[in-house]
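Heads up: the sequence lines are chains C and E, in that order.
Here my numbering is used: the first residue of the first sequence is 8, the next is one more, and so on.
Here my numbering is used: the first residue of the second sequence is 17, the next is one more, and so on.
Backbone N, C-alpha and C define an ideal beta-carbon position, used for all residues, glycine too.
Remember, predicted model here, so these are calculated numbers, not experimental data.
I have placed the structure first, in the form of structure tokens, so that the comments after it can refer back to it.
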Amino acid sequence: MNKTTFDLKQGIKAHFIKTDLYKTDLSCLIITTPLKRETVTLNALIPFMLRRGTKKLPNQGLINKELENMYGATFNCGIDKMGDNVILKFYIESISSEYALNSENILEMNLNNLLDIVFDPIQNDELLNEQFLTLEKENLKRVINRKIDDKDSYALDRCISAMYGDEKFGLYKYGYEEDVDKITIKDISGYYNWLIQNSKIDIFISGNIKTDEVEEFLKKNNNIKKLRPRIENYILNNEFTESKQIVENINEISEKMDVSQGKLVMGLDILSDMENLQVVALVYNAILGDGANSMMFQNVREKASLAYSARSTFVKQKLNIFIRCGIQIENYEKAIKIIKEQLENIKKGEFSDEDIQNAKTYLISSLKNVAEEQDTEVIYYIGQEISKTNMSLEEYIKKIETVTKEQVVELANSIQLNTIYFLKN
Amino acid sequence: MQIIENSKIKEKLYIEKFDNGLTIMILPKKTRKKYIVWSTNFGSIDNKFYAPGEKVLTVVPDGIAHYLEHKLFEQENGENSLDILTSIGVDANAYTTNDHTAYLYECTDNFDEALDEFMNYVQNPYFTDENVEKERGIIEQEIMMYDDYPEWALYMNAMKCLYKDNEINIDIAGTKETIAKITKEKLYKIYDSFYRPENMIIVLSGDFVPDEAFDKIKSKITMKANPNETKRLYNKESEEIVQEFIEKEMNVSIPTVLIGYKDNNLKGDKVKKDIAIDILGCILFGKSSKLYEKLYEAGKIFTEPTINYEFSKTFAHILIQFQTNDVKSTVDEITLEINNLKKTGINFDDFERAKRRVYGDLVKDYNEVSNIATGIVADYFKDINSFDYFEEFSSISKEYVEKVLRELFVDSKKVVSVIKPNEKENEE
């Protein structure tokens with residue numbers, strides 16, 4: 008394996024992925040913290056505040072001038088839900104020194120900037136710069152309100168929050184408008200200082216890097232020196248935080264919006280504790296709705312001509328499957344009937360060995376691609392890190408190969424339809 | 017075989033033209049991935065033509081190139097090649113643009129097994145009344161999906177403002193009404209007219225040995241050169257814009273704006289222009305610019321505007337896109353900055369910095385085999401070799417960029433398209 012990991016301090020790890028497949032180096036700093044209603048909005052505001060300036064480069068213009076000089080290195084930050092955690096991502100991508108016009112050490116300069124942005128913002132008496140706060144609160148509100156702009160992901164978010172409520176996984180990753188107004192500079196500064204001293208921190212660096220040099224660099228870095236060892240405060244992604252309840256009546260929700268096409272989302276619960284559950288569920292999901300040979304694609308799209316996009320996704324940290332398709336609003340009943348038939352068919356074992364083989368082939372070939380794409384590989388390892396698993400891609404592939412038809416049928420019979428969400432006009 | 021080498025990105029491009037007129041290019045990369053794309057120079061703008069040997073003009077319904085793309089996977093034995101390729105374990109797909117249609121797959125294993133199926137389906141169409149009919153509902157849903165994308169409406173509206181008769185105004189997928197007119201006879205006619213070797217290119221990128229790959233593909237080519245040409249006909253387009261401003265309400269949270277500048281000069285150094293326009297975007301409103309800082313601090317924008325020079329053989333324009341809560345003043349400020357820069361000229365440090373950023377972006381394009389191959393295809397149909405971007409880069413001077421600024425960013429050729437939130441949303 009081309010990945011090495013070492014502890015910078017307790018709770019702070021560096022991961023090196025050495026590869027010569029790319030013309031770029033990718034450095035990614037991840038802060039992991041549990042999803043909570045009280046802090047979800049604060050978490051979302053932090054990247055907005057941090058990207059405004061560091062002690063060395065006190066405004067955005069100066070940061071960006073430096074990035075542009077580094078051959079257009081791109082700095083980005085974002086926030087994602089991963090199971091019951093929120094991850095704050097800060098990353099810089101740049102061309103490798105090998106392709107620089109004057110062979111500068113681009114990676115070190117970028118790492119310095121990345122660490123400064125996250126750990127050395129402009130602060131006075133432990134307070135972040137208040138001048139940025141009003142505007143960044145407005146910017147966060149815009150991002151929160153933007154959730155309606157993409158109707159597909161909006162429909163998915165609505166289905167998830169209907170299933171989980173305003174707790175943990177049901178929370179919106181960017182937080183809530185009503186909470187933004189209340190945030191003071193003391194709140195955000197106090198939270199920031201707590202967060203960087205108490206959270207799990209992982210630094211991933213991928214590229215044609217000299218591992219020893221980068222390790223030395225990180226050990227000597229002043230920002231890292233300032234950080235204290237910590238007991239990582241996060242929720243292991245393999246621990247399921249709520250037991251799923253049997254649903255008596257399917258929750259059927261529809262919402263009106265100015266759309267031309269209806270967006271249907273069906274949320275399924277997996278109520279099983281069988282062995283190898285996540286891998287069996289992955290195969291089940293591929294048979295149901297992942298790829299051109301899946302039942303959703305073949306029956307909802309190809310046979311019934313009801314949809315262009317018809318698929319399902321498996322959220323392994325939460326043991327849910329979400330079926331999604333865009334349909335003509337009048338075809339709501341018809342689509343649900345066909346989809347329910349597919350769910351029944353898998354339960355009864357009415358699928359062929361070829362179907363299961365196709366599903367495995369499909370999953371295995373996507374896994375083989377992981378190591379050939381720089382960002383996908385980093386994301387794969389982040390997922391592994393947060394679930395404390397250390398499964399190589401090869402082991403993962405072997406596990407998929409062992410899944411049997413009986414296991415898929417057993418899993419299918421533990422699946423219940425929880426919620427049907429429909430966005431219509 | 018021709019080999020072009022680029023020392024900056026350390027890549028080689030192998031080019032071969034087969035006897036039947038088909039061009040093939042290979043860019044080997046160190047990776048386990050293999051990517052192949054087969055493309056024909058036929059897209060949504062190609063709606064009027066004289067079929068080979070015919071004297072009567074054929075006019076086809078809007079969206080037919082895209083419809084054909086969907087249908088080419090059907091096989092005479094009732095199988096669908098997309099399903100077969102997927103079951104072999106390769107990631108197969110297809111897409112249609114305004115000037116080309118492309119079929120592709122990507123994999124780490126089983127490239128050769130998939131190649132048989134791939135070469136076979138692209139060269140052997142099988143359309144029936146029934147399989148053509150079946151697709152209509154699917155494509156209608158694809159059209160409706162795009163109807164819900166604010167950025168697609170924003171773009172199509174900008175095209176309507178820029179062009180009166182140019183075929184770029186045609187929606188790639190057509191409309192429910194136009195696709196209703198598509199029949200198997202029409203599909204065969206466009207296949208025979210445009211899916212011809214001299215009109216096509218195959219590009220491979222990834223883990224390939226060029227000689228072996230050329231031979232393998234050559235042995236599977238059954239298409240014959242056709243002595244009769246297909247002659248395309250395009251509408252004459254006026255040099256003027258149609259209207260300066262258009263806006264549409266949709267269910268969105270904040271207005272999105274697209275500023276377009278029409279470029280009537282379709283000849284000449286497009287690659288240089290393209291690079292110069294990226295440099296100008298960085299200088300004018302890039303994240304390190306004064307204007308960006310001003311608009312950001314005023315709360316008018318919160319992400320960097322994007323700039324793009326979009327061009328083919330029949331049209332060319334610059335597109336600047338951003339979100340703002342104050343459409344008028346932001347458009348005015350950007351326009352003012354453009355006109356000021358024309359007067360003051362470009363600061364040398366800004367120019368050098370922007371150039372480095374654009375250079376980095378060009379290098380980054382050579383990371384992913386899919387980007388590389390589809391990029392080569394798109395450039396080829398514009399009569400460009402992709403490596404030209406690196407050749408031309410060093411010759412770009414500040415004076416040249418200033419000239420592009422003066423000649424292309426002209427107020428009388430400017431349009432503004434806006435998608436804004438529904439009125440009723442604002443009242444809430």
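The stretch 210-226 of chain C and the stretch 139-157 of chain C do not touch, with fewer than 3 CB-CB distances between them shorter than 8 Å. The way I'd put it, the stretch 118-136 of chain E doesn't touch the stretch 299-314 of chain C; fewer than three beta-carbon pairs between them come closer than 8 Å.
Contacts with chain C at 9 Å (Cβ-Cβ) do not include T346 of chain E. Going by C-alpha positions, R212 of chain E is about 29 Å away from K45 of chain E.
Contact check for G18 of chain C and I208 of chain C: beta-carbon distance about 7 Å, within the 8 Å limit, so the pair qualifies. Among the CB atoms of chain E, none fall inside 9 Å of the CB of N244 of chain C. By the neighbour-count definition (other C-beta atoms within 10 Å, threshold 16), T11 of chain C is an exposed residue. Sixteen is the threshold: when 16 or more other Cβ atoms of the shown chains lie within 10 Å of the Cβ of N117 of chain C, as they do, the residue is buried.
Residue contact with chain C for C298 of chain E: present (Cβ-Cβ distance below 9 Å to some residue of chain C). M273 of chain C has C:I330 and C:I427 as its beta-bridge partners, per DSSP. The beta carbon of Y308 of chain E is closer than 7 Å to those of F301, G302 and E320 in its chain, skipping five residues each way along the sequence. Closer than 9 Å to the CB of D404 of chain E there is not a single CB belonging to chain C.
If you draw a straight line from the Cα of P77 of chain E to the Cα of T194 of chain E, it comes to about 6 Å.
Listed by position along chain C, the residues whose Cβ is nearer than 8 Å to that of D128 of chain E form an empty set, because the closest Cβ is around 15 Å away.
For G297 of chain E, the enclosing alpha helix (DSSP H) begins and ends at K286 to F301. By the neighbour-count criterion, in which 16 or more other beta carbons inside 10 Å mark a residue as buried, A314 of chain E falls on the exposed side. Contacts with chain C at 9 Å (Cβ-Cβ) include C123 of chain E.
Nearest CB-CB separation between V266 of chain C and chain E: below the 9 Å threshold. Ranking C:Y78, C:Q67 and C:Y29 by CA distance to the CA of D377 of chain E puts C:Y78 first. Nearest in C-alpha terms to N229 of chain C, of all of C:I124, C:A107 and C:E255, is C:I124.
Looking only at E:Y207, E:D381, E:E349 and E:R372, the smallest Cα-Cα distance to L88 of chain E is reached by E:Y207.
Neighbourhood of E158 of chain E in chain C, by CB distance below 7 Å: Y315, in chain order.
One thing to note: F338 of chain E has its Cβ no nearer than 9 Å to the Cβ of D290 of chain E. Closer than 9 Å to the CB of E183 of chain E there is not a single CB belonging to chain C. Between E137 of chain C and T31 of chain C, the C-beta spacing is not below 9 Å. By the 16-neighbour rule on beta-carbons within 10 angstroms, M41 of chain E is buried.
In the three-state DSSP reduction, N267 of chain E falls in the coil class, being neither helix nor strand. Judged by DSSP in its simplified three-state form, H82 of chain E adopts helix. With contacts defined as CB atoms closer than 9 Å, A366 of chain C and I328 of chain C fail to qualify as a contacting pair.
Around K46 of chain E, the beta-carbon contacts reaching into chain C at under 8 Å are D27 and L28.
For a Cβ distance threshold of 8 Å, residue set R48, T124 and D125 of chain E lies close to K375 of chain C, ordered along the chain.
In this structure, the beta-carbon distance from D159 of chain C to S316 of chain C falls below 9 Å.
Per the Cβ contact rule, the stretch 35-47 of chain C is in contact with the stretch 185-203 of chain C (3 or more Cβ pairs under 8 Å). Taking C-beta separations shorter than 6 Å and ignoring five residues to either side along the sequence, the partners of E21 of chain E in its chain run K28, following chain order. Assignment of beta-bridge partners to V219 of chain E by DSSP yields E:M41 and E:V53. Beta-bridge partners assigned by DSSP to G85 of chain C: C:K96.
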